[in-house]
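Just so you know, we're using my numbering here: the sequence shown kicks off at 1163 and counts up by one. Step one of this worksheet: look at the structure below.
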Amino acid sequence: MSPFAAQTGCLSKLSRLAHPHPLARLPSQAARGGVCGGYGYAPSVERQWSTAAARVGGRAGAVGLAPGRCAATTKLAPPTSSSSSSSSSLPHHPPSSSSSSATTALSSPSSRAAQLARHFASAAMSYSKTPSEYAVRKVGQPNTLEFRAYIEKDGVPVSPFHDIPLYANEQQTVLNMVVEIPRWTNAKQEISKEEFLNPIKQDVKKGKLRFVRNCFPHKGYLWNYGAFPRTWEDPNVVHPETKAKGDNDPLDVCEIGELVGYTGQVKQVKVLGVMALLDEEETDWKVIVIDVNDPLAPKLNDIEDVERHLPGLLRATNEWFRIYKIPDGKPENQFAFSGECKNKKYAMEVIHECADAWEKLVTGKSARGEISLANSTNETSPDRVDPSQLGSIPAGSDLAPAPIDGSVDKWFFISGAAV
């Protein structure tokens, strides 16, 4: 246990208990105003949850429950109220008024039941109309140090950092997002800034593959997590409002749609808002988006729409980023703007700033450090390579993932977490 955890009591490892099935606690969860459905439950219990939630009058929400083992326990805070790829044609969505923060609006039981039914049936539905122009080339075995996921277009590897366009339409209202980490998973996959053509690989810490912990009641990541191509948070620039420099990465993205993505998928999304995480004294923007093909996308046009149609999701997102490093002995993260999720207009300004910063980076106007700028499409870049030079990238393979340690499924109970 870290000194921080020992001193603050945020994490006390008392026992390793077999955790009862979450359905056993559903009535009591509903009775005390808990959240009992929606975004984050393991696929194996989704259908059971939808039936049980409707039976006890539970409220769909934005949490991440899944069967697992308790790794730690402390006093809990009381509940508070509230590999193929695909794409599609880009639908038109009506504009919505902007707001600087989310507001709460509860739905009727009948509408919530309908939303639950649609959510749990969505895995069997397809919203894609045309095949994606991008595919994933897997090299090596997943869950190993050697695994790499290259993105290719027309069979030619491209950089997800420098080659994929940021905008998916001429009006610049729909953006491309690269999925690094599918919802409900724990492996910390990310675009490798330093490697040639920036493949996606699993992060390594002290020689070991990195997995994020399950902070009760969440299981892995709450959303499809990834990055915007052709963006860069400049570590040489201090943001005037967050008072912190950039984190030297592409912009992070949380896609909140119904369908679970896959590593290397290129989704077309629309922007809803942004949170400003302060991670180890660096600005680490988290842009909230939704897949344009999601059935709820026409109703989500700004950040207040998220709270209206997905009550609890923004609160759970804020909490997850605040506490997810505590099980590893680190202090909780902080937020700029008192944790407020800024609206779409503000988010687009952040995106434009980071796109401009990337442009300076790739054209040699900003110091690159150890970042690989190799690309095959940017005519103004001194690091552009001819496609004939890409033969060094290994052929793809379709190996089964290597087994991972069972401890990845453990739950950690964090003092002060809102359940």
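A virtual CB, placed ideally from N, CA and C, is assigned to each residue, including glycine. What you are looking at is a predicted structure, and each value in this text was computed from that prediction instead of being measured.
For residue j and residue i, the rounded distance between their alpha carbons
i: S1354; j: N1360; result: 5 Å
i: G1423; j: M1510; result: 23 Å
i: G1435; j: G1388; result: 15 Å
i: V1570; j: N1305; result: 12 Å
i: E1585; j: D1325; result: Given a span of 1163 to 1581 for the chain in the structure shown, any question on residue 1585 remains unanswerable.
i: L1337; j: K1429; result: 8 Å
i: G1302; j: G1382; result: 23 Å
i: V1433; j: D1464; result: 8 Å
i: R1392; j: E1521; result: 8 Å
i: D1467; j: P1473; result: 9 Å
i: P1397; j: H1514; result: 16 Å
i: G1531; j: V1524; result: 12 Å
i: V1547; j: A1406; result: 34 Å
i: A1517; j: W1394; result: 7 Å
i: A1564; j: E1420; result: 27 Å
i: K1542; j: Y1312; result: A small fix is needed here, since residue 1542 is Thr in this sequence, not Lys. Going by the C-alpha atoms only, they are around 23 Å apart.
i: E1502; j: G1558; result: 43 Å
i: S1334; j: D1453; result: This sequence places Gln at residue 1334; Ser is not what is there. In a straight line, the C-alpha of Q1334 is about 15 Å away from that of D1453.
i: K1487; j: R1345; result: 18 Å
i: G1369; j: E1332; result: 44 Å
i: E1295; j: K1315; result: 6 Å
i: K1461; j: Y1508; result: 19 Å
i: V1431; j: G1578; result: 33 Å
i: K1572; j: L1371; result: 16 Å
Of the residues the options, the one placed nearest residue i, counting alpha carbons only
i: V1341; options: N1386, Q1551, F1309; result: N1386
i: D1409; options: V1415, V1399, I1326, C1416; result: V1399
i: D1365; options: Q1334, I1343, N1376; result: I1343
i: E1403; options: R1470, D1446, N1480, E1295; result: D1446
i: E1356; options: F1323, H1514, P1565, C1416; result: F1323
i: K1492; options: E1295, L1475, D1441; result: D1441
i: T1347; options: A1557, I1418, R1375; result: R1375
i: I1555; options: Y1296, G1317, E1295; result: G1317
i: S1538; options: G1526, K1527, L1552; result: L1552
i: N1495; options: L1384, H1471, E1481, D1453; result: E1481
i: K1504; options: G1369, E1469, R1310; result: E1469
i: F1390; options: G1369, M1339, Q1351, K1367; result: M1339
i: H1401; options: G1369, E1443, S1577; result: E1443
i: T1479; options: L1384, Q1351, E1332, K1527; result: L1384
i: F1497; options: Q1351, K1448, K1461; result: K1448
i: V1415; options: A1459, K1367, E1352; result: E1352
Rounded Cβ spacing between residue i and residue j (contact assumed at less than 8 Å)
i: A1349; j: F1373; result: 6 Å
i: P1161; j: F1574; result: A query on residue 1161 cannot be resolved here, the shown segment of the chain reaching from 1163 to 1581 and no further.
i: A1438; j: F1483; result: That pair is no contact at about 10 Å.
i: V1512; j: G1426; result: Going by Cβ atoms, the distance from V1512 to G1426 rounds to 25 Å, so no, they are not a contact pair.
i: I1450; j: I1418; result: 6 Å
i: P1549; j: G1526; result: Actually they do not touch by this definition, with Cβ atoms about 22 Å apart.
Residue i burial status per 10 Å Cβ neighbour count (16 or more: buried)
i: H1380; result: buried
i: G1568; result: exposed
i: K1363; result: buried
i: P1412; result: buried
i: L1476; result: buried
i: D1456; result: buried
i: L1328; result: buried
i: P1319; result: buried
i: A1562; result: exposed
i: I1576; result: buried
i: S1321; result: buried
i: A1459; result: buried
i: A1529; result: exposed
i: K1506; result: buried
i: K1582; result: For residue 1582 there is no data in the structure shown, the boundaries of the chain being 1163 and 1581.
Min CB distance residue i to chain D below 9 Å
i: G1491; result: Absence of chain D from the displayed structure is noted, only one protein chain being present.
Any non-hydrogen atom of the ligand PLP closer than 8 Å to residue i Cβ
i: K1461; result: In the structure on display, the ligand PLP does not appear, and there are no ligands present to speak of.
- Can you list the beta strand (DSSP E) stretches of 3 or more residues lying completely in the region 1388-1457, in chain order? 1414-1417, 1428-1441, 1444-1453, all fully within the region 1388-1457.
- Uninterrupted alpha helix (DSSP H) stretches inside the region 1457-1490 (no shorter than 4 residues): The region 1457-1490 contains these whole alpha helix (DSSP H) runs: 1465-1471, 1475-1485.
- Query: Which full runs of the beta strand (DSSP E) of 3+ residues lie inside the region 1327-1351, going along the chain?
  - Reply: Runs of the beta strand (DSSP E) inside the region 1327-1351: 1337-1343.
- Task: May I have a chain-ordered list of the beta strand (DSSP E) segments no shorter than 3 residues that lie completely inside the region 1493-1574?
- Result: Runs of the beta strand (DSSP E) inside the region 1493-1574: 1572-1574.
- Going along the chain, which unbroken runs of the beta strand (DSSP E) with 3 or more residues stay wholly within the region 1303-1329? Assignment of beta strand (DSSP E) within the region 1303-1329, counting only whole runs of 3 or more residues, yields 1310-1315, 1318-1320 in chain order.
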